[in-house]
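J.: Quick one: structure below, then a few questions.
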Amino acid sequence: GDSVTQMEGPVTLSEEAFLTINCTYTATGYPSLFWYVQYPGEGLQLLLKATKADDKGSNKGFEATYRKETTSFHLEKGSVQVSDSAVYFCALSYNTDKLIFGTGTRLQVFP
Amino acid sequence: EAGVAQSPRYKIIEKRQSVAFWCNPISGHATLYWYQQILGQGPKLLIQFQNNGVVDDSQLPKDRFSAERLKGVDSTLKIQPAKLEDSAVYLCASSLLWEATYEQYFGPGTRLTVT
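These protein sequences, in sequence, are chains A and B.
Position one of the first sequence corresponds to residue 156 (this note's numbering), numbered consecutively onward.
Position one of the second sequence corresponds to residue 2 (this note's numbering), numbered consecutively onward.
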């Protein structure tokens, strides 16, 4: 069945470092892809999304490109801040919009 | 605009007891979801409603879990009897329409501990 695989965390970075969180997926069709973020003590929030191959989602300095050839949707940010410390979830869905999530990657950014 | 509301935020019960969670979606959102998030895992869909009808409950353990969405607005998720493995955060989400292009908005969750 469909699934999402994320790199294990925690990812520990210094402020202003470059961030990559890997996400790959297995899908029987052509899903939309998402990154959700969960800040400490808060609910899940949509960070960005891409609905078809080669689309790039972006928000708050984060970017991810839908790569059909490598079945990947890696999250990147050029310069992280302490406030970016959170758990990041990669997810996919089809037009029924049930989300299938990865296990999450915790990011810790230190000043 | 008010977000998705859930209550209680925390609940501790003993195994074999029953528990109920409540969710109030964003006004006007037709689709409502309940997810279970076990520690260290991503959320997993339990049940999805479109208005007051069930769209997908394939992963709901129906021998102990039940959910309803009366009048297509608020929803209640119940567990009876609870097991230790039900310890998790239960997330409610809602979206405007039944299409992938519409964002799902999540509530803060209810953290259930079964002892």
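Think of the CB as a built atom: it goes at the ideal place given N, C-alpha and C, for glycine as much as any other residue.
Compute the beta-carbon to beta-carbon distance between B/Ser88 and B/Pro26, rounded to the nearest angstrom, for a pair I have assumed lies under 8 Å.
T.: About 25 Å; that fails the 8 Å criterion.
J.: Taking the straight line between their C-alpha atoms, what separation do you get for A/Pro266 and A/Ser213?
T.: Approximately 24 Å, taken between the alpha carbons.
J.: For the candidate residues A/Gly198, A/Tyr221, A/Gln193, A/Gly164, whose alpha-carbon lies nearest to that of B/Gly108?
T.: Closest by alpha carbon: A/Gly198.
J.: Measuring only the C-alpha atoms, how far is A/Cys245 from A/Tyr221?
T.: Near 12 Å, if we compare the C-alpha coordinates of A/Tyr221 and A/Cys245.
J.: Quick one: Cα of A/Val264 to Cα of B/Gln38, how far?
T.: Between A/Val264 and B/Gln38, the C-alpha separation is close to 24 Å.
J.: Check whether the segment 205-212 of chain A and the segment 167-176 of chain A are in contact - that is, three or more C-beta pairs closer than 8 Å.
T.: Contact fails: fewer than three Cβ-Cβ distances are below 8 Å.
J.: Rounded to whole angstroms, what's the CA-CA distance from A/Gln193 to B/Asp64? Just pull it up for me.
T.: Each residue's Cα considered, the two are about 31 Å apart.
J.: In terms of DSSP beta bridges, what is B/Val55 paired with?
T.: Partner(s): B/Phe50.
J.: Rounded to the nearest angstrom, how far is the Cβ of B/Trp23 from that of B/Asp75, given a contact under 8 Å?
T.: Right, their Cβ atoms sit about 7 Å apart.
J.: Judging by CA-CA distance, which residue of B/Ala3, B/Ala68, B/Gly110, B/Gln60 is the nearest neighbour of B/Gln81?
T.: Here the closest residue by C-alpha is B/Ala68.
J.: For the segment 69-108 of chain B, which segments carrying the beta strand (DSSP E) assignment without a break, of at least 3 residues, lie completely within its bounds, in sequence order?
T.: Whole beta strand (DSSP E) segments, 3+ residues: 76-80, 89-96.
J.: Under 7 Å Cβ-Cβ, which residues of chain B neighbour A/Lys215?
T.: The contacting residues do not exist; A/Lys215 stays about 15 Å from chain B at best.
J.: Should A/Leu202 and A/Phe217 be called a contact, given that it needs their Cβ atoms to be closer than 8 Å?
T.: Against a cut-off of 8 Å, the Cβ pair of A/Phe217 and A/Leu202 comes out as a contact.
J.: Put A/Ser234 into one of helix, strand or coil per three-state DSSP.
T.: A/Ser234 falls in the coil class under three-state DSSP.
J.: Comparing alpha-carbon positions, which option in A/Phe256, A/Tyr185, A/Ile255, A/Gly164 lies nearest A/Asp210?
T.: Comparing Cα-Cα distances from A/Asp210 to each of A/Phe256, A/Tyr185, A/Ile255, A/Gly164, the minimum goes to A/Tyr185.
J.: In chain A, what lies closer than 7 Å to B/Gly108 by C-beta?
T.: Gly198, listed in chain order.
J.: Can you find a C-beta in chain B that's less than 8 Å from the C-beta of A/Phe244?
T.: By this cut-off, A/Phe244 is an interface position.
J.: A/Ala182: which of A/Tyr243, A/Val235, A/Val159 sits nearest, CA to CA?
T.: The residue with the shortest Cα to Cα distance from A/Ala182 is A/Val159.
J.: In chain B, which residues lie less than 8 Å from A/Thr258 when you measure between Cβ atoms?
T.: Here the neighbours are Gly41, Gln42, Gly43.
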